[in-house]
Each structure stands twice: as structure tokens, then as C-alpha cells.
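Report on one structure; see the data block that follows.
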Amino acid sequence: MFRIYEYKGFAVSIAVEASVLIQRSVPGGSGFLATVQVASKREAVPLTAPLHLAGRTGEAFHTEADALMGGYAAGQRLVEALLRAPR
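The numbering used here numbers the first residue of the sequence shown as 59 and each following residue consecutively.
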């Protein structure tokens, strides 16, 4: 799943991917991971490197919706940091 949201004049793109269990001993098992990137809405130029996210405990998100919302929340924090940064 791929979504782009506008937040305070920036484009926050979120890609959600399925995480597959490779070894039984890996905690968290299957779930979803999010990749977030912030771009200038006017120029569509990435302002951040892609940020790969898992859930709060480091395990994969349980649902696709959780990964999407976690990615959006992280994107909002990135935008806020960009707005506070000295120019």
C-alpha cells in the first residue's frame, strides 16, 4: 500500500510492506513495516531520507492500518522538525 498525505504544505509519503517471518526464533514474526519520506509539496523534492519503521517495541506492526498510521505520525514529527530547523 502506498499513500501520500499533505501536512502543513509538505507531502508525506508512506509505503507499507508485509514483513514475513523468516526464522521461528525471530520475535514479532509476520506483520507490516512502514517507510516514510517527506518532500516539498511544490517541488516534489525529497527533504528526508526514507525512514523505515516498525512498531513501538521494534516488532512489526500487527495490521496494515497500524503501519500506515504509525508512518503518518512519524511523518508529522519529521515535518515539525523541518519547520523548527534554522534556515
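Beta carbons: idealized from backbone N, C-alpha and C, even for Gly.
Residue from Phe90, Pro104, Arg135, Lys99 whose Cα sits closest to the Cα of Leu111:
By one-based count along the sequence shown, residue 111 stands at place 53. Closest by alpha carbon: Phe90.
What does the alpha-carbon distance come out to for the pair Glu75 and Arg61?
One-based indexing of the sequence shown puts residue 75 at position 17. One-based indexing of the sequence shown puts residue 61 at position 3. Between Glu75 and Arg61, the C-alpha separation is close to 12 Å.
Determine the extent of the alpha helix (DSSP H) in which Glu138 is found, giving its start and end residues.
For the purposes of this step, residue 138 is identified with residue 80 of the sequence shown, where counting begins at 1. For Glu138, the enclosing alpha helix (DSSP H) covers residues 122 to 142.
For Gly129 and Tyr63, I'd like the C-alpha separation in whole angstroms.
Numbered from 1 along the sequence shown, position 71 holds the residue referred to as residue 129. Numbered from 1 along the sequence shown, position 5 holds the residue referred to as residue 63. One alpha carbon belongs to Gly129, the other to Tyr63, and they sit about 11 Å apart.
Per DSSP, the bridge partner or partners of Ala147
Lying outside 59 to 145, the shown extent of the chain, residue 147 is not represented and no answer is given.
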